[in-house]
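In UniProt numbering, the protein residues as written are 1 to 59.
C-beta: ideal position from N, C-alpha, C; glycine also.
Just so it is clear, the structure is predicted and the values come from calculations on it, not from any experiment.
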Amino acid sequence: MRAFFHPKRDADGSASVTAMSIEEYHRQSSSAFNDGFDEVEVGRSVRQFGASVNVWSTY
């Protein structure tokens, strides 16, 4: 998991990039994980071929 985080912060002028350590990520996002979140399905597609069925959901 540590491979996803970079120890330095950087910005390129037109787009902003925020890099943080895994510890910073945990501190910043802990309230969202503790409080939970809701998902609402906004679309569904059901495709059937014989006995095989695929259901695709969009959130």
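Contacts around residue i, its chain only, beta-carbon distance under 8 Å, and the 5 residues preceding and following it disregarded
i, result
"GLU41", "SER57, THR58, TYR59"
Cα-Cα separation, residue i to residue j
i, j, result
"ALA32", "VAL55", "29 Å"
"ALA19", "SER30", "17 Å"
"GLU39", "SER52", "27 Å"
"GLN28", "ASN34", "12 Å"
"GLY36", "HIS26", "14 Å"
First through last residue of the beta strand (DSSP E) which encompasses residue i
i, result
"SER57", "52–58"
Beta-bridge pairing of residue i - partner residues as DSSP gives them
i, result
"GLN48", "VAL53"
Residue i CB to nearest heavy atom of the ligand NAD below 8 Å
i, result
"SER21", "This structure simply doesn't include the ligand NAD, nor any ligand for that matter."
The alpha helix (DSSP H) enclosing residue i, as first and last residue numbers
i, result
"ASP35", "22–35"
Close-in-space but distant-in-sequence residues of the same chain around residue i (CB under 6 Å, 5 per side omitted)
i, result
"VAL43", "The amino acid at residue 43 is misidentified as Val; the sequence shows Gly. Around GLY43: THR58."
"VAL46", "VAL55"
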